[in-house]
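Participant: Have a look at this one before I ask anything.
2 protein chains.
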Amino acid sequence: MVRIGIVGGGQLAKMMAQEARKLGFEVAVLDPQEKCPACGLADYKITASFMDGDKIRELAEISDVLTYDIEHVNVKVLKELEEEGYPVYPSPRILEVIQDKLVQMEVMRKARIPVPKFVRADREELKEKAREFGFPLVQKTRKGGYDGKGVMVIKTEEELDKLLPADSMLQEFVNIEKEIAVMVARDQYGNVEVYPVVEMVFNEANILDFLVVPARIPEDKAEEAQEIAMRVVKALDGVGIFGIEMFLDKDGRILLNEIAPRPHNSGHYTIEACMTSQFEQHVRAITGLPLGSSELLVPAVMFNLLGEGYGKPKVVGLKEALSYPGVYVHVYGKPVVRPLRKMGHVTVVNKDLEKALEIAHKVKGIIKVVGNGS
Amino acid sequence: MVRIGIVGGGQLAKMMAQEARKLGFEVAVLDPQEKCPACGLADYKITASFMDGDKIRELAEISDVLTYDIEHVNVKVLKELEEEGYPVYPSPRILEVIQDKLVQMEVMRKARIPVPKFVRADREELKEKAREFGFPLVQKTRKGGYDGKGVMVIKTEEELDKLLPADSMLQEFVNIEKEIAVMVARDQYGNVEVYPVVEMVFNEANILDFLVVPARIPEDKAEEAQEIAMRVVKALDGVGIFGIEMFLDKDGRILLNEIAPRPHNSGHYTIEACMTSQFEQHVRAITGLPLGSSELLVPAVMFNLLGEGYGKPKVVGLKEALSYPGVYVHVYGKPVVRPLRKMGHVTVVNKDLEKALEIAHKVKGIIKVVGNGS
Numbered sequence: 001m002v003r004i005g006i007v008g009g010g011q012l013a014k015m016m017a018q019e020a021r022k023l024g025f026e027v028a029v030l031d032p033q034e035k036c037p038a039c040g041l042a043d044y045k046i047t048a049s050f051m052d053g054d055k056i057r058e059l060a061e062i063s064d065v066l067t068y069d070i071e072h073v074n075v076k077v078l079k080e081l082e083e084e085g086y087p088v089y090p091s092p093r094i095l096e097v098i099q100d101k102l103v104q105m106e107v108m109r110k111a112r113i114p115v116p117k118f119v120r121a122d123r124e125e126l127k128e129k130a131r132e133f134g135f136p137l138v139q140k141t142r143k144g145g146y147d148g149k150g151v152m153v154i155k156t157e158e159e160l161d162k163l164l165p166a167d168s169m170l171q172e173f174v175n176i177e178k179e180i181a182v183m184v185a186r187d188q189y190g191n192v193e194v195y196p197v198v199e200m201v202f203n204e205a206n207i208l209d210f211l212v213v214p215a216r217i218p219e220d221k222a223e224e225a226q227e228i229a230m231r232v233v234k235a236l237d238g239v240g241i242f243g244i245e246m247f248l249d250k251d252g253r254i255l256l257n258e259i260a261p262r263p264h265n266s267g268h269y270t271i272e273a274c275m276t277s278q279f280e281q282h283v284r285a286i287t288g289l290p291l292g293s294s295e296l297l298v299p300a301v302m303f304n305l306l307g308e309g310y311g312k313p314k315v316v317g318l319k320e321a322l323s324y325p326g327v328y329v330h331v332y333g334k335p336v337v338r339p340l341r342k343m344g345h346v347t348v349v350n351k352d353l354e355k356a357l358e359i360a361h362k363v364k365g366i367i368k369v370v371g372n373g374s
Numbered sequence: 001m002v003r004i005g006i007v008g009g010g011q012l013a014k015m016m017a018q019e020a021r022k023l024g025f026e027v028a029v030l031d032p033q034e035k036c037p038a039c040g041l042a043d044y045k046i047t048a049s050f051m052d053g054d055k056i057r058e059l060a061e062i063s064d065v066l067t068y069d070i071e072h073v074n075v076k077v078l079k080e081l082e083e084e085g086y087p088v089y090p091s092p093r094i095l096e097v098i099q100d101k102l103v104q105m106e107v108m109r110k111a112r113i114p115v116p117k118f119v120r121a122d123r124e125e126l127k128e129k130a131r132e133f134g135f136p137l138v139q140k141t142r143k144g145g146y147d148g149k150g151v152m153v154i155k156t157e158e159e160l161d162k163l164l165p166a167d168s169m170l171q172e173f174v175n176i177e178k179e180i181a182v183m184v185a186r187d188q189y190g191n192v193e194v195y196p197v198v199e200m201v202f203n204e205a206n207i208l209d210f211l212v213v214p215a216r217i218p219e220d221k222a223e224e225a226q227e228i229a230m231r232v233v234k235a236l237d238g239v240g241i242f243g244i245e246m247f248l249d250k251d252g253r254i255l256l257n258e259i260a261p262r263p264h265n266s267g268h269y270t271i272e273a274c275m276t277s278q279f280e281q282h283v284r285a286i287t288g289l290p291l292g293s294s295e296l297l298v299p300a301v302m303f304n305l306l307g308e309g310y311g312k313p314k315v316v317g318l319k320e321a322l323s324y325p326g327v328y329v330h331v332y333g334k335p336v337v338r339p340l341r342k343m344g345h346v347t348v349v350n351k352d353l354e355k356a357l358e359i360a361h362k363v364k365g366i367i368k369v370v371g372n373g374s
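Now the structure itself:
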């Protein structure tokens with residue numbers, strides 16, 4: 001019996017744990033929350049901060065292999081464990097690269113992955129570097145950014161005072177045609193499975209509205225994006241599942257945006273729409289098993305269920321939502337709602353992608369996760 | 001938050017619980033085993049016998065709806081609960097009908113479902129009734145039969161001493177061309193979703209070898225079988241998922257064999273191969289949600305992982321098994337192995353059914369669940 005230790009017990013860990021248990025593995029979870037989404041599926045639970053090195057070592061002791069469902073964990077201890085010969089997947093080396101957006105881009109540029117033009121800009125020289133770089137530009141703080149945080153668009157010299165006071169990189173402002181993402185799984189023997197290209201559709205407030213697969217882009221561009229995504233994961237010597245976010249710009253260039261060394265929101269559709277889900281691939285890869293097929297069986301549209309209000313969660317409209325064909329609802333079981341918190345997701349599958357989109361639009365207006373205010 | 005109480009914590013309850021949690025429901029399980037397959041997924045666990053009425057009432061008190069994953073439970077208490085207005089699905093009335101094979105067939109014959117010819121034969125009049133009925137015949141004891149137990153084939157008058165000493169029914173010996181099964185889901189509003197016909201392939205020892213879907217039978221026979229299966233569930237006024245086992249005989253007749261008022265072994269393929277799994281359908285039906293589509297997305301072959309030896313289970317050959325495309329392994333997490341105990345199952349999907357069968361044959365020779373002898 002193999003036991004998988006997961007640092008982090010959120011929805012990604014929950015869905016990993018479900019696949020792990022299906023394959024007969026046990027699961028141990030470390031999470032600061034007493035009642036985390038994955039907790040109810042874990043054979044063992046350690047309640048501790050993701051930064052608590054001693055507790056991460058305790059998790060390693062009761063497990064046979066470690067993985068994680070978030071990037072902001074104690075990398076130092078994971079690296080020590082790896083150096084001691086303990087299996088940690090994906091390698092904490094990769095976490096170290098990814099936790100610093102500048103380093104991430106430098107490593108990728110060195111590996112000849114197409115990336116937006118960028119320069120390093122330390123905190124004390126931000127304005128000077130920005131003027132040199134030219135406008136419009138995008139500032140990204142090197143650390144701590146997540147879901148759009150730590151990012152600032154500076155359109156003209158007049159906006160220089162908006163710069164965030166932190167060590168950063170300055171990136172060219174990409175004229176985005178579409179934001180796309182590709183999931184890539186890679187096993188311990190170097191074999192790779194690449195998923196189809198996903199298209200991210202944003203609303204006016206720049207919040208991810210829908211995820212559409214296959215992406216409505218030319219076939220040669222889709223192949224190019226898959227090729228780049230695989231090269232990214234190979235360049236990192238990654239083992240596990242990776243989410244590779246990219247831009248397709250108005251000139252037809254595909255440029256790397258960001259790497260997630262874990263199951264990713266843009267891969268949730270794989271549960272219903274693909275032969276093997278991103279979570280099963282991850283479990284297979286980190287336990288030394290061969291990968292499954294990433295083949296898409298049916299087009300899909302996914303949207304997140306973002307929290308509304310505060311308090312204990314209540315799912316509204318579930319019954320009506322499920323009355324549409326091909327609608328799959330995932331509620332993560334988070335104990336409390338906060339506005340815009342990811343409380344679940346919905347996948348709509350249909351042989352006709354336009355039909356799936358139509359149903360997804362309708363269902364999105366129906367199903368909500370709201371707080372009871374207490 | 002709705003909490004589903006399940007009497008029984010075996011593999012069927014485990015897979016139900018996974019779907020229930022996905023939809024945001026909580027789960028409470030009653031099972032005599034301390035470490036049952038569903039236990040690790042349950043929010044609440046009651047350790048007690050399936051016959052313990054007080055404990056079943058306790059389960060009802062902490063739950064919002066009751067269901068079960070086996071038939072041999074305390075029906076009396078479930079009926080009392082239902083009479084008090086507590087929701088129990090499928091209705092314990094149905095359990096009562098099904099627990100007695102004679103009553104099951106009588107009810108079905110009355111509903112004009114095609115059944116093999118049969119007569120009642122009480123324990124003290126077995127031989128006499130058998131002679132009257134004629135040979136060959138099949139004796140089925142009215143109660144307690146399971147997985148082929150309680151069944152005796154009497155080919156000639158000379159074999160009369162083989163009759164099992166129990167109240168029974170005597171059934172015509174059907175010249176079986178194929179054994180088939182159909183899963184049917186029915187919601188609280190009378191809507192029905194019917195799954196494709198599954199073909200059961202037995203080995204020389206008459207143990208189920210493979211389950212093949214879609215069944216290799218003429219299309220009009222498949223439609224007839226689906227029609228009969230739906231009529232069975234309607235006749236019972238069933239709510240939930242039902243497995244309807246039937247015979248296709250050498251004269252082309254389709255005859256009812258047995259009814260399972262719960263998720264069924266012959267519906268496991270739905271997890272990977274259908275739009276909505278039998279487990280999700282069951283959870284939807286019993287919680288008052290609408291059903292999902294039962295559409296088959298890809299042909300499938302399923303086989304059970306039967307235990308070998310005794311002791312703690314060890315999965316052998318997992319890595320090699322998963323190296324074949326479209327192979328999905330489910331290990332139930334039962335704490336100990338016994339010979340022929342269902343320890344898990346494997347589903348092989350492939351757009352080409354013959355290819356799926358070929359892979360299933362190979363993989364069946366590779367993957368085993370063996371006891372460590374301790």
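Protein chains in written order, with full-length UniProt numbering: chain A, 1 to 374; chain B, 1 to 374.
A virtual CB, placed ideally from N, CA and C, is assigned to each residue, including glycine.
(1) Do the CB positions of Val370 of chain A and Glu308 of chain A come within less than 7 Å of each other?
(2) By Cβ distance below 7 Å, which residues in the same chain neighbour Ala360 of chain A in space, the five residues on each side in sequence not counted?
(3) Residues bridged to Gly267 of chain A by DSSP?
(4) When you compare each of B:Phe247, B:Gly243, B:Gly267, B:Glu224 to Pro261 of chain B by their alpha carbons, which one comes out closest?
(5) Spatial neighbours of Val213 of chain A within its chain, please: C-beta separation below 6 Å, excluding the five flanking residues on both sides.
(6) Are the stretch 150-166 of chain B and the stretch 181-189 of chain B touching, with three or more C-beta to C-beta distances below 8 Å?
(7) Quick one: which residues of the stretch 41-66 of chain B get their C-beta closer than 9 Å to a C-beta of chain A? List them in chain order.
(8) Considering Cα atoms alone, identify which of A:Asn257, A:Asp352, A:Lys234 is closest to Ile94 of chain A.
(9) Pull out every residue of the stretch 317-342 of chain A whose Cβ sits closer than 7 Å to any Cβ of chain B, in chain order.
(10) Let me know the secondary structure DSSP gives Phe135 of chain A once reduced to three states.
(11) Run through the DSSP bridge pairs and tell me what Gly5 of chain B is partnered with.
(12) For the alpha helix (DSSP H) containing Leu95 of chain A, list its first residue and its last residue.
(13) Along the chain, where does the alpha helix (DSSP H) containing Gln226 of chain B start, and where does it finish?
(14) So what's Cys36 of chain B in DSSP terms, helix, strand or just coil?
(15) Drop a sphere of 10 angstroms on the beta-carbon of Pro263 of chain B, count the other beta-carbons inside from all chains shown, and report buried for 16 or more, exposed for fewer.
(16) If you measure between the beta carbons of Leu297 of chain B and Leu297 of chain A, is that distance less than 7 Å?
(17) Does the beta carbon of Lys368 of chain A come closer than 7 Å to any beta carbon on chain B?
(18) In terms of alpha-carbon separation, which member of B:Ser168, B:Lys368, B:Lys76 lies closest to Lys342 of chain B?
(19) Tell me whether residue 390 of chain B is buried or exposed, calling it buried when 16 or more other Cβ atoms sit within 10 Å of its Cβ.
(20) Quick check: the Cα distance between Lys101 of chain A and Glu258 of chain A, rounded to an integer number of angstroms?
(21) Run through DSSP, which three-state label would Leu160 of chain B get?
(22) Determine contact between the stretch 68-86 of chain A and the stretch 221-234 of chain A, defined as no fewer than three beta-carbon pairs at a distance below 8 Å.
(23) Quick one: which chain A residues come within Cβ less than 8 Å of Arg284 of chain B?
(24) For Val2 of chain A, decide whether its Cβ has a neighbour in chain B, counting only Cβ atoms nearer than 7 Å.
(25) Using the C-alpha atoms, what's the distance from Glu193 of chain B back to Pro313 of chain A?
(26) Measuring only the C-alpha atoms, how far is Ile6 of chain B from Arg142 of chain A?
(27) Can you find a CB in chain A that lies within less than 7 Å of the CB of Lys22 of chain B?
(28) Between the stretch 321-335 of chain B and the stretch 18-38 of chain B, are three or more C-beta pairs nearer than 8 Å?
(29) Can you confirm whether Val315 of chain A, when its beta carbon is compared against all beta carbons of chain B, has any partner nearer than 7 Å?
(30) The beta strand (DSSP E) with Met183 of chain A in it runs from where to where?
(31) Give the residues of chain A in contact with Val349 of chain B, contact being defined as C-beta atoms less than 8 Å apart.
(32) Tell me, to the nearest whole angstrom, how far the beta carbon of Ile62 of chain B is from that of Ala28 of chain B; I am working on the premise that it is less than 8 Å.
(33) Is it a yes or a no for the stretch 110-125 of chain B touching the stretch 170-179 of chain B, going by three-plus beta-carbon pairs under 8 Å?
(34) Which residue marks the beginning of the beta strand (DSSP E) containing Val212 of chain B, and which one marks its end?
(35) To the nearest angstrom, how far is the alpha carbon of Arg131 of chain A from that of Glu157 of chain A?
(36) CB-CB under 6 Å to Met108 of chain A, same chain, minus the five flanking residues each way: which ones, in chain order?
Facilitator: If we stick to the structure as given:
(1) Less than 7 Å divides the Cβ of Val370 of chain A from the Cβ of Glu308 of chain A.
(2) Within the same chain, Phe210, Val301, Phe303, Val348 come within 7 Å of Ala360 of chain A by CB-CB distance, once the 5 residues on both sides are set aside.
(3) Beta-bridge partners assigned by DSSP to Gly267 of chain A: none are found.
(4) When each option's Cα is compared against that of Pro261 of chain B, the closest is B:Gly243.
(5) These residues qualify, in order along the chain: Pro196, Val198, Tyr269, Ala300.
(6) Verdict: no, contact absent.
(7) Here the close residues are Leu41, Ala42, Asp43.
(8) Ranking the options by Cα distance to Ile94 of chain A, first place goes to A:Lys234.
(9) Flagged, chain order: Leu318, Lys319, Leu322, Ser323, Pro325, Gly326, Val329, His330, Val331, Gly333.
(10) Collapsing the DSSP output to three states places Phe135 of chain A in coil.
(11) Bridge partners of Gly5 of chain B: B:Ala28, B:Leu66.
(12) Per DSSP, Leu95 of chain A belongs to the alpha helix (DSSP H) from 92-99.
(13) Taken as a continuous stretch (DSSP letters only), the alpha helix (DSSP H) holding Gln226 of chain B covers 219-235.
(14) DSSP places Cys36 of chain B outside both helix and strand once states are collapsed to three, so it counts as coil.
(15) Pro263 of chain B counts as buried, since no fewer than 16 other beta carbons sit within 10 angstroms of its beta carbon.
(16) Against a cut-off of 7 Å, the Cβ pair of Leu297 of chain A and Leu297 of chain B comes out as a contact.
(17) Taking Cβ atoms only, chain B never reaches closer than 7 Å to Lys368 of chain A, which makes this a no.
(18) Here the closest residue by C-alpha is B:Lys368.
(19) Since the displayed chain B opens at 1 and closes at 374, residue 390 of chain B lies outside it and no answer follows.
(20) Lys101 of chain A and Glu258 of chain A have their alpha carbons spaced roughly 8 Å apart.
(21) In this structure, Leu160 of chain B counts as helix in the three-state DSSP scheme.
(22) Result no; under three Cβ-Cβ pairs closer than 8 Å.
(23) Within chain A, the residues near Arg284 of chain B are Leu322.
(24) Interface annotation, Val2 of chain A: not in contact with chain B, CB-CB separation never under 7 Å.
(25) For Pro313 of chain A and Glu193 of chain B, the distance between alpha carbons rounds to 31 Å.
(26) Near 50 Å, if we compare the C-alpha coordinates of Arg142 of chain A and Ile6 of chain B.
(27) Under the Cβ criterion of 7 Å, Lys22 of chain B is counted among the residues facing chain A.
(28) They touch, by the three-pair rule.
(29) Under the Cβ criterion of 7 Å, Val315 of chain A is counted among the residues facing chain B.
(30) For Met183 of chain A, the uninterrupted beta strand (DSSP E) segment begins and ends at 176-186.
(31) Contact note: Val349 of chain B reaches chain A through Met275, using a C-beta cutoff of 8 Å and chain order.
(32) Taking 8 Å as the upper bound for CB-CB distance, Ile62 of chain B and Ala28 of chain B are in contact here, some 5 Å apart.
(33) Taking one beta carbon from each stretch, the stretch 110-125 of chain B and the stretch 170-179 of chain B have 3 or more pairs nearer than 8 Å; the two touch.
(34) Start and end: 208-213.
(35) C-alpha separation (whole angstroms): 7 Å.
(36) Excluding five sequence positions before and after Met108 of chain A, the CB atoms of its chain that fall closer than 6 Å to its own CB belong to Val115, Leu256, given in chain order.
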